[in-house]
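Residue numbers (the working numbering), protein chains in the order written: chain A, 7 to 321; chain B, 129 to 369; chain C, 110 to 214.
Every residue, glycine too, gets a C-beta built ideally from N, C-alpha and C.
Here the structure is laid out as structure tokens; the discussion comes afterwards.
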Amino acid sequence: MNARKLEAPDVSRVANSKTASWYEASARQRVRLMLDAGSFQEFIGPEQREQSPHLRVFDLPTQFDDGIVVGRGRIAGTPIFVAAQEGRFMGGAFGEVHGAKLTGLLRAARDTKSVPVLILFDTGGVRLQEANAGELAIAEIMRALIEARMAGVKIVGLIGGRAGCYGGGGLIAGCCSALAVSEQGRISVSGPEVIETNRGVEEFDSRDRALVWRTMGGKHRRLLGGAEAFVDDTIQSFRNITLHLIGSVPGFGLDVLKAEQARLEERLQRFGDCADAMDIWRAKDIFDAEAVPIMSSSDFIDLANRDGDPRYDAR
Amino acid sequence: MTLDDILASLFPQGHDVRNYDGVLLGSGSLKNGGRAVVIGIADRTAVGVDEAIRLSRHVLNAMERGGTGPILVLVDSDSQRMSKRDELLGLNEFLAHLAKCLIYADMQGRQTVGLLYGHSAAGAFLATALATRVLVALLGAEPEVMDLPSMSKVTKLSIDVLKEKAKSTPVFAPGLDNLAQTGAVLSTWDEKTSLAEQLQTLLGSDQDGGDRRDRLGKTRRGRPKAADIAERVHDLALQSK
Amino acid sequence: METLSYRHKAQERAAGSKSLAIIGVVASGNLEVLVERLLPDTECQVDINTAAEGFGAVWEAVVADFVERRSPGGLKLSVNDGGARPDTVALRLAQAVRLIEEEDR
């Protein structure tokens, strides 16, 4: 036990209602509060003690569920499979067991065909102590995810946790049918520090929070088309958008891939020379672009919807 | 082997693969008369939005034209391009899109084969080599998920300590042996015999679809738990109501 | 890593009918507690895995105090510790018992 004076972990703000913060909630709390009461059944729960076999070598503690909760439940009566990453354990990173739980869930969705999947992302990417296993898990998840989509399964990604959606997590997100992101959410392949290390602080100052959020944060992703929906930081908002997205996305196939190719080519053509997100927002004729970062969620949602209806057929 | 050597050995009947600032695009004649689509990254080029979009376009063009030939992905890349611009423009979507195109093509019967002949890392590795049905390598290839200096910085353990730990497990350190043992790389090709013949054998033997990398990792003792955990979750989910 | 285990007699059985509960997260300054209703009514056990070695006496005292206050009869509590302070440990143990005693919604 650590006798040093440390900040007490957040114990008072236990999420107890749907208006509770998504960001503050644990993975288990998000699942419990999003799903219909009593509907959740967990697969390989913590009592199974399937922990990482690879952390002992680094004298690191393990978590009984290896940082991910997977199972089945219902939202407004609709059956769903759900996977929720715990962003505070090892940064929500993908390890061997963690990743395999999601792989198995997606393969089951592929074989079941009729049950949508929710992925509650909260990850820094590959867990470096198990880097090869983590990377392979991500590759297998991507394969299983596309197999499921080819079988007609809708797969919705929700992003708004402490760890964001980084690295390989960002690639998995890009494979989903649709994404919802909150202001706290970030989506990126390389993290801010890594960009700074590689390109210098002049290009990217990782301690400039406003810059990080303009570049990778939820609002920019929504305006860029990197996410279909922007939501308020509440369990209720994520729950509502989930139902909306499941009902909005079409099936997957060559047409979707071609539409995505066109969408991404157009993005490069329009914004490929922009130096900053602000330039992209201005190029999109966003009214009062400077105010975007400080805008309230509801004002921003209105603004984003005025900018244009999101496409659901090009991811 | 240089890239030209590799292409000549893969396609003795000819190919039209060209190198566009590190982006490889083209096709090659197969021994059995068919034609393989070829994409790839050369010269240890980083994979950013500009590279990924060209590669995915080439795959989609091939799907549009029809045909049944395989798609080869030749890889000697850096990691993903780590720049403000690439992330600003949504690099995760570009890399995911490329992987999706490859996975889709494979599911439509266009066998995707990755050939790692140089380096690759992290996000670039995921979008190219690891998005194929089967991945082989040439001796001397250097796949890497995370480099030891970066790991050292984050873990605050010296590189020597990390190398020592890596002796007891293949699960984190870079290198072909580790990526083979964990199930990513199926086999290492022999440079002294025809790559075309080895490709032919590979294409002929691997008819069964489905991702078996986790089972391979279990057999080779590189990933003792992944296959079983995935199977258990799968079975529990199928039984659930 | 250090593994510790304490077995105690408890005054009475923990209330409720749930067989299992979990609370907390393994992170710096935090811990998770998995609680299972597995033991005879007047017994309890606390098993701990911790990366912070050499604090056996502190764990022993915290666990003994917890057993005295909460009487967690029948419960096995399993802890993965990320280096939490004693008061955080005490809180989580208490939260775990409260959770397993809760009626299912």
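Which bits of chain A does residue i rub up against, with CB to CB less than 9 Å?
{"i": "C:Val172", "result": "Those within 9 Å of C:Val172 in chain A number zero; the least Cβ separation is about 11 Å."}
{"i": "C:Gly183", "result": "Those do not exist, as C:Gly183 stays about 15 Å from chain A at its closest Cβ, beyond 9 Å."}
{"i": "B:Thr283", "result": "Phe64, Leu134 and Gln135"}
{"i": "B:Ala354", "result": "Glu102, Val103, Gly105, Ala106, Thr109, Ala139, Leu142, Ala143 and Glu146"}
{"i": "C:Val82", "result": "Because chain C spans 110 through 214 in this model, residue 82 of chain C falls outside it and cannot be assessed."}
{"i": "B:Pro277", "result": "Here the premise fails: no neighbours, minimum Cβ distance about 10 Å."}
If residue i and residue j are in contact, beta carbons under 8 Å, what's the gap, nearest whole angstrom?
{"i": "B:His247", "j": "B:Asp305", "result": "The Cβ separation is near 15 Å, so there is no contact."}
{"i": "B:Asp342", "j": "A:Glu146", "result": "6 Å"}
{"i": "B:Leu223", "j": "A:Val195", "result": "7 Å"}
{"i": "B:Leu183", "j": "B:Leu226", "result": "5 Å"}
{"i": "C:Leu184", "j": "C:Leu148", "result": "7 Å"}
{"i": "A:Leu41", "j": "A:Ala31", "result": "Rounded, the Cβ-Cβ distance is 13 Å, inconsistent with contact."}
Does DSSP classify residue i as helix, strand or coil?
{"i": "C:Thr197", "result": "helix"}
{"i": "A:Ala14", "result": "Low per-residue confidence applies at A:Ala14: pLDDT is 37, beneath 50, and the placement is therefore not dependable, though the value from the model is reported in the following sentence. Correct three-state label for A:Ala14: coil."}
{"i": "A:Pro85", "result": "strand"}
{"i": "A:His104", "result": "helix"}
{"i": "A:Lys24", "result": "coil"}
{"i": "B:Leu135", "result": "helix"}
{"i": "B:His362", "result": "helix"}
{"i": "A:Arg19", "result": "Since pLDDT at A:Arg19 reaches only 43, below the 50 mark, its modelled position is unreliable, and no value is offered."}
{"i": "C:Glu111", "result": "strand"}
{"i": "B:Leu267", "result": "coil"}
{"i": "A:Asn204", "result": "helix"}
{"i": "C:Gln141", "result": "Checking the sequence shown, residue 141 of chain C turns out to be Glu, not Gln. Residue state, collapsed to three classes: strand."}
{"i": "B:Leu152", "result": "strand"}
{"i": "A:Ala9", "result": "Because A:Ala9 carries a pLDDT of 42, less than 50, the predicted location of this residue cannot be relied on, and the following value inherits that uncertainty. Note: A:Ala9 maps to coil in three-state DSSP."}
{"i": "A:Thr118", "result": "helix"}
{"i": "A:Gln91", "result": "strand"}
{"i": "A:Asn138", "result": "helix"}
{"i": "A:Leu217", "result": "helix"}
{"i": "A:Val298", "result": "helix"}
{"i": "C:Leu129", "result": "strand"}
{"i": "B:Ser157", "result": "strand"}
{"i": "B:His112", "result": "Any answer about residue 112 of chain B is impossible in this case: the structure gives chain B only from 129 up to 369."}
{"i": "A:Gln69", "result": "coil"}
{"i": "A:Asp315", "result": "coil"}
{"i": "C:His117", "result": "strand"}
{"i": "C:Asp213", "result": "coil"}
{"i": "A:Val194", "result": "In the sequence under discussion, the amino acid at residue 194 of chain A is Ser, which differs from the Val named in the question. In this structure, A:Ser194 counts as strand in the three-state DSSP scheme."}
{"i": "A:Arg168", "result": "coil"}
{"i": "B:Ala249", "result": "strand"}
{"i": "A:Cys181", "result": "helix"}
{"i": "A:Phe127", "result": "strand"}
{"i": "B:Lys369", "result": "coil"}
{"i": "A:Arg322", "result": "Look at the range of chain A in this structure, 7 to 321, and you will see that residue 322 of chain A is not part of it."}
{"i": "B:Ser333", "result": "helix"}
{"i": "A:Ile147", "result": "helix"}
Listing by chain order, which chain A residues have their CB less than 7 Å from the CB of residue i?
{"i": "C:Glu141", "result": "Gln69 and Phe70"}
{"i": "C:Val155", "result": "Near C:Val155 there are no residues of chain A at all, since even the closest Cβ is about 13 Å away, more than 7 Å."}
{"i": "C:Glu211", "result": "Those within 7 Å of C:Glu211 in chain A number zero; the least Cβ separation is about 12 Å."}
{"i": "B:Val177", "result": "Leu274"}
{"i": "C:Glu145", "result": "Glu53"}
So which residues on chain C does residue i lean against when the C-beta distance must stay under 7 Å?
{"i": "A:Arg62", "result": "Met110"}
Name, please, each residue of chain B whose Cβ falls closer than 9 Å to the Cβ of residue i.
{"i": "A:Ile152", "result": "Ala227, Lys228, Ile231, Tyr232 and Met235"}
{"i": "A:Ala114", "result": "Val361, His362, Asp363, Leu364, Ala365, Leu366 and Ser368"}
{"i": "A:Gln275", "result": "Within 9 Å Cβ-Cβ: nothing; A:Gln275 doesn't reach chain B, min ~10 Å."}
Can you pull the chain B neighbours of residue i, defined as C-beta to C-beta under 8 Å?
{"i": "A:Glu189", "result": "The contacting residues do not exist; A:Glu189 stays about 18 Å from chain B at best."}
Run through chain B and tell me which residues come within less than 7 Å of residue i, C-beta to C-beta.
{"i": "A:Glu266", "result": "His225"}
{"i": "A:Glu271", "result": "Ile181"}
Please list the partners that residue i has in chain A, where partner means a Cβ-to-Cβ separation under 8 Å.
{"i": "B:Asp342", "result": "Ala106, Thr109, Leu142 and Glu146"}
Discussion item. Quick check on the DSSP output: what are the complete alpha helix (DSSP H) runs of length 4 or more inside the stretch 270 to 301 of chain B, in order along the chain?
Written reply: 276 to 283 and 287 to 294
Practice prompt. Taking a Cβ distance cut-off of 7 Å, strictly less, list which residues of the stretch 207 to 227 of chain A are near chain B, in chain order.
Written response: Glu209, Phe210, Thr221 and Met222
Worksheet item: Quick one, which residues of the stretch 118 to 133 of chain C are near chain A if we go by CB-CB under 7 Å, in chain order?
Response: Leu129 and Ile131
Practice prompt. Scan the stretch 24 to 58 of chain A for residues whose Cβ lies nearer than 9 Å to a Cβ of chain C and list them as they occur along the chain.
Written response: Ser32, Ala33, Arg34, Ala43, Gly44, Gly51, Pro52, Glu53, Arg55 and Gln57
Worksheet item: In chain order, which alpha helix (DSSP H) runs of at least 4 residues are fully inside the stretch 297 to 329 of chain B?
Response: 304 to 309
Worksheet item: What residues from the stretch 120 to 146 of chain A come within 8 Å of chain B, judged by C-beta to C-beta, listed N to C?
Response: Val132, Leu134, Gln135, Glu136, Ala137, Asn138, Ala139, Gly140, Glu141, Leu142, Ala143, Ile144, Ala145 and Glu146
Worksheet entry | Contact residues within the stretch 193 to 224 of chain B, judged by C-beta distance below 7 Å to chain A | Gln208, Met210, Ser211, Lys212, Glu215, Leu216, Leu217, Gly218, Leu219, Asn220, Glu221, Phe222, Leu223 and Ala224
Item to complete: Pull out every residue of the stretch 194 to 208 of chain C whose Cβ sits closer than 9 Å to any Cβ of chain A, in chain order.
Response: Arg194, Pro195, Asp196, Thr197, Val198, Leu200, Arg201 and Gln204
Worksheet item: What are the residues of the stretch 82 to 106 of chain A that lie near chain C, defined by any Cβ-Cβ distance shorter than 7 Å?
Response: Glu92, Arg94 and Phe95
Item to complete: Any chance you could list the beta strand (DSSP E) runs of at least 3 consecutive residues sitting entirely within the stretch 207 to 262 of chain A, in chain order?
Response: 235 to 237
Practice prompt. Would you list, in chain order, the members of the stretch 193 to 207 of chain A that have their beta-carbon closer than 7 Å to a beta-carbon of chain B?
Written response: Ile193, Ser194, Val195, Ser196, Val200, Ile201, Asn204 and Arg205
Worksheet entry | Interface residues of the stretch 164 to 176 of chain B facing chain A [CB-CB below 9 Å] | none
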